[in-house]
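J.: Each protein sequence line maps, in turn, to chains X, G and D.
Using the numbering used here, read the first sequence as starting at 1 and increasing by one per residue.
Using the numbering used here, read the second sequence as starting at 1 and increasing by one per residue.
Using the numbering used here, read the third sequence as starting at 1 and increasing by one per residue.
The beta-carbon is built from N, C-alpha and C at its ideal position, and this holds for glycine as well.
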Amino acid sequence: MALTLTTQRLLAGLDHGPAPRLTAGGLVDLVEASGLTGRGGGGFPTARKIRSIGRRPVVVGNAMESEYLSRKDAVLLRTAPGLVLDGLEILASALRARRVLLAVGHRIDPGRVREEVAVRRSPVEVRHLAGGFVAGQESALVNRLDGRPGLPGDPLVPVRERGVDGRPTLVVNAETLAQLALLARYGADWFRSVGTSEDPGTFLVSLTGSTRDVVPHPGVVEVPRGTSLRDVLNGAGTPVQRARAVLVGGYHGTWLPMAALDAPLSRGGLAPYGATPGAGVLHVLDRRACPLRTSADVASYLARESAGQCGPCLNGLPRMADTLARLAVPGADPRLSAEVERLQALARGRGACAHPDGTAHFVASSMRVFAGHVEAHLRGECHALGGAA
Amino acid sequence: MSRGARRLHVDWTRCDGHGSCAELLPELLALDDWGFPVSRTGERDPEVPAVLERHARRAQKACPLLALRLIPAVTRAP
Amino acid sequence: MSEALWALGRGTGVVALVMFTVTIVLGILGRSGRSVAGLGRFGVTEVHRTAALTGTTLVAVHVTSLFFDPYAQLRLVDVVFPFLGAYRPLWLGLGTLAVDLLLVVVTVSLLREKVGPRVFRTVHWATYALWPIALAHAVGNGTDRTSSWLLALAAACAGAVVVAVGWRLSPSYGERGWSRTPRRLPSWPSP
Numbered sequence: 001m002a003l004t005l006t007t008q009r010l011l012a013g014l015d016h017g018p019a020p021r022l023t024a025g026g027l028v029d030l031v032e033a034s035g036l037t038g039r040g041g042g043g044f045p046t047a048r049k050i051r052s053i054g055r056r057p058v059v060v061g062n063a064m065e066s067e068y069l070s071r072k073d074a075v076l077l078r079t080a081p082g083l084v085l086d087g088l089e090i091l092a093s094a095l096r097a098r099r100v101l102l103a104v105g106h107r108i109d110p111g112r113v114r115e116e117v118a119v120r121r122s123p124v125e126v127r128h129l130a131g132g133f134v135a136g137q138e139s140a141l142v143n144r145l146d147g148r149p150g151l152p153g154d155p156l157v158p159v160r161e162r163g164v165d166g167r168p169t170l171v172v173n174a175e176t177l178a179q180l181a182l183l184a185r186y187g188a189d190w191f192r193s194v195g196t197s198e199d200p201g202t203f204l205v206s207l208t209g210s211t212r213d214v215v216p217h218p219g220v221v222e223v224p225r226g227t228s229l230r231d232v233l234n235g236a237g238t239p240v241q242r243a244r245a246v247l248v249g250g251y252h253g254t255w256l257p258m259a260a261l262d263a264p265l266s267r268g269g270l271a272p273y274g275a276t277p278g279a280g281v282l283h284v285l286d287r288r289a290c291p292l293r294t295s296a297d298v299a300s301y302l303a304r305e306s307a308g309q310c311g312p313c314l315n316g317l318p319r320m321a322d323t324l325a326r327l328a329v330p331g332a333d334p335r336l337s338a339e340v341e342r343l344q345a346l347a348r349g350r351g352a353c354a355h356p357d358g359t360a361h362f363v364a365s366s367m368r369v370f371a372g373h374v375e376a377h378l379r380g381e382c383h384a385l386g387g388a389a
Numbered sequence: 001m002s003r004g005a006r007r008l009h010v011d012w013t014r015c016d017g018h019g020s021c022a023e024l025l026p027e028l029l030a031l032d033d034w035g036f037p038v039s040r041t042g043e044r045d046p047e048v049p050a051v052l053e054r055h056a057r058r059a060q061k062a063c064p065l066l067a068l069r070l071i072p073a074v075t076r077a078p
Numbered sequence: 001m002s003e004a005l006w007a008l009g010r011g012t013g014v015v016a017l018v019m020f021t022v023t024i025v026l027g028i029l030g031r032s033g034r035s036v037a038g039l040g041r042f043g044v045t046e047v048h049r050t051a052a053l054t055g056t057t058l059v060a061v062h063v064t065s066l067f068f069d070p071y072a073q074l075r076l077v078d079v080v081f082p083f084l085g086a087y088r089p090l091w092l093g094l095g096t097l098a099v100d101l102l103l104v105v106v107t108v109s110l111l112r113e114k115v116g117p118r119v120f121r122t123v124h125w126a127t128y129a130l131w132p133i134a135l136a137h138a139v140g141n142g143t144d145r146t147s148s149w150l151l152a153l154a155a156a157c158a159g160a161v162v163v164a165v166g167w168r169l170s171p172s173y174g175e176r177g178w179s180r181t182p183r184r185l186p187s188w189p190s191p
């Protein structure tokens, strides 16, 4: 796709030669100096994650692509599987890992990466796993890899202490691994040469739209951190006047209204909007779509994707989605607004994983950013042209 | 925060909304629309003041599914 | 002296049966998550445990006093290995079996935090076998098998348990009394 502001690193398709081997200390220093943060959604500083892992860990690459709107893991494993494997092998050798695995989601074809594993006689065990939105959550993934149902575990004992085979387990997103593979070759200064000082490097953006009109060319692009939302959309040929808002991060992310178009896509740049780059998803909402209808549909999907293990999530999310759906019908009862607010607060911090929290965050963002639309609905009007899109 | 202070942790993989805990520790726990415990303090793992520690222990023992734990209040950062 | 021991043995046995009947009924009531006026939910659990431990203590006294009573002809082996006894070996054997099961259930229950909820729950199912065996032993070994007071008491206990179990199996037993979606339980709960 035609995008003027891309920096091709992961997606350059170059042969970078063999990956270097690093010592544990060397690895931590390098990653620390680079400022690399997790690209899976959590945005955790990767150096801290590596430093805190126990002896002889198990290393797991997370390419589950369980974020519904994301396509980056698929693109990476198709165009640069070697980089993902390099990242795993660098970690495995530096940390003297007992085992190293790559979990590939069911929406991705593992053919290419399996070929690459065979060609280089890699110790990486590729596992092709089914699973929905919660399947990529690290403790659910660890349970799955151990042959148990993929339900999240109690976070009191995190997987970095006890995970696969009962061992300390380091779970790293596929894109983070690929970034690490290049970082190890070219150094921290090179890594920091694009992006912002507080959020350096590039990241993969999965750009989608609620209609073809608003995003004519959906796909995955690699952009420097700190690129403005406007520049990414313009580069993709998005007619911004047709858009109402952009969902940033993923289904657990935050809506940015058009007034925030110049927000830099970095942790610092998005923080004032209560948003983070998340899993790199940018979903553009067509102005013709009713934003409450769209939000209710997303909330419904998220409710169905509950692992069903924890009462507050299993019961609370469907009720919240249902209430939002009723609010999405113009002429709704005004008390529904307060009820949505109550239910989203009730979903936070209660459950083994962050699925209810993320869903509540999304719903709260919808209510806040589309507050004007909510008011219109309560008056019996809907300002979207043409209803649901 | 005093040394030796405790927090009440719910293991959500075990909790089935039996509700004894909220009966024994109403200062810290209420029940939601479906009978599952909610922290009244807004914290995920509510801190247990010293005066309530005895009641918190009783609540922990009363849970038929062993879903409650009293953990140290100061948790180490990852 | 032998008569006193015999009386103590029978007395503690009968009361233990009542205790275990209360235990099992409250256990079923507790699992239902229903609150009982004056007890709450926590009270049902606590009284359930107290009745169980009281019953266990009474069984210990029951076995000890009968062990020292020459009329009962109880050897040490009969306390642990069933059906080897001299006096009414079948019914006595059931008593021994009940004691064996009781020992396992109580030990695991007291150590439930160590063994974890899965082991605890699995072993606890044995109480559905333990209670009828204890009842059969009580009726079979209670000396005056035809004495109406013991039969009436046994019938009352049996009635209570049958009603409780019937409720347990009925659809109205439900999700702990709340209107909610049943949780998808992992086959491997957290250790």
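Compute the beta-carbon to beta-carbon distance between X:A243 and X:H217, rounded to the nearest angstrom, for a pair I have assumed lies under 8 Å.
T.: Not confirmed; about 15 Å, so no contact.
J.: X:D154 CB to nearest chain G CB: under 8 Å?
T.: yes
J.: Within 8 Å (strictly less), CB to CB, does D:R184 reach chain X?
T.: yes
J.: Quick check on D:V79: does DSSP put it in helix, strand or coil?
T.: helix
J.: Output, in chain order, the set of chain X residues within a Cβ distance shorter than 7 Å of G:G19.
T.: Under the 7 Å cutoff, chain X gives no residues; its nearest Cβ is about 11 Å from G:G19.
J.: Let me know the secondary structure DSSP gives X:F133 once reduced to three states.
T.: coil
J.: Three-state secondary structure (DSSP) at X:G43?
T.: coil
J.: For the 8 Å Cβ check, are there 3 or more pairs between the stretch 37 to 45 of chain X and the stretch 261 to 278 of chain X?
T.: yes
J.: Note down, in chain order, each residue of its chain lying with its Cβ closer than 8 Å to the Cβ of D:S2, except the 5 sequence neighbours on either side.
T.: Only residues of its own chain outside the window of five on either side were considered, and among them D69, P70, Y71 have a CB closer than 8 Å to the CB of D:S2, listed in chain order.
J.: For X:G311, which residues in chain D fall below 8 Å Cβ to Cβ?
T.: R180, R183
J.: Measuring straight from C-alpha to C-alpha, what distance separates D:P191 and D:V108?
T.: Caution is warranted here: a pLDDT of 40 is assigned to D:P191, below 50, making its placement in the model unreliable, and the coordinate value is therefore given only provisionally. D:P191 and D:V108 have their C-alpha atoms roughly 15 Å apart.
J.: What are the boundary residues of the alpha helix (DSSP H) that includes X:L27?
T.: 24 to 34
J.: Apply the 10 Å Cβ neighbour rule to X:H383 and answer buried if 16 or more other Cβ atoms are within range, or exposed otherwise.
T.: exposed
J.: Please report whether the beta-carbon of X:A338 lies at a distance below 8 Å from any beta-carbon of chain D.
T.: no
J.: What number of angstroms, rounded off, separates the C-alpha of X:S52 from the C-alpha of X:R21?
T.: 20 Å
J.: Helix, strand or coil for D:V44? Go by DSSP, reduced to three states.
T.: helix
J.: Can you give me the start and stop residues for the beta strand (DSSP E) that X:L101 sits inside?
T.: 99 to 105
J.: Would you call D:Q73 buried or exposed, if buried means 16 or more other Cβ atoms sit within 10 Å of its Cβ?
T.: exposed
J.: For X:G35, go through chain G and note every residue whose CB falls closer than 8 Å to its CB, in chain order.
T.: Residues of chain G passing the Cβ test: none, with the nearest at roughly 18 Å.
J.: Given that a residue counts as buried once 16 or more other Cβ atoms are within 10 Å of its Cβ, and exposed if not, what is X:T238?
T.: buried
J.: Taking the Cβ atom as the reference point for each residue, do X:V284 and X:L233 lie within a distance shorter than 8 Å?
T.: yes
J.: Are the CB atoms of X:L180 and X:V31 within a distance shorter than 8 Å?
T.: yes
J.: By the criterion of Cβ-Cβ separation under 9 Å, what are the contact partners of X:A352 in chain G?
T.: D11, W12, T13
J.: Can you give the beta carbon distance from X:E138 to X:V157, rounded, assuming they're within the 8 Å contact cut?
T.: Wrong, their Cβ atoms sit about 12 Å apart, outside the cutoff.
J.: Please state whether the Cβ-Cβ distance between X:F191 and X:R225 is less than 8 Å.
T.: no
J.: Candidates X:E125, X:T79, X:P81: which alpha carbon is nearest X:V100's?
T.: X:E125
J.: Tell me the start and end of each unbroken beta strand (DSSP E) in the stretch 241 to 307 of chain X that is at least 3 residues and wholly inside, in chain order.
T.: Runs found: 243 to 249, 254 to 257, 281 to 286.
J.: Are X:L102 and X:R127 close, meaning C-beta to C-beta below 8 Å?
T.: Result yes, Cβ atoms of X:L102 and X:R127 sit closer than 8 Å.
J.: Buried or exposed, going by whether 16 or more other CB atoms sit within 10 Å of the CB of D:W149?
T.: exposed
J.: In three-state terms, what does DSSP make of X:T227?
T.: coil
J.: Buried or exposed for G:V74, please, with buried defined as at least 16 other CB atoms from any protein chain shown within 10 angstroms of its CB.
T.: For G:V74, the number of other beta carbons within 10 angstroms of its own is below 16, and it is reported as exposed.
J.: Do we get a CB-CB distance below 8 Å when we pair G:V38 with the residues of chain D?
T.: no
J.: DSSP puts G:R7 in a beta bridge; with which residues?
T.: G:E47, G:I71
J.: Taking the straight line between their C-alpha atoms, what separation do you get for D:S170 and D:F67?
T.: 43 Å
J.: Could you pull the DSSP bridge partners for X:G195 from this structure?
T.: BP columns for X:G195 point to X:P200.
J.: Can you tell me which residues form a DSSP beta bridge with X:R127?
T.: X:A103, per the DSSP bridge assignment.
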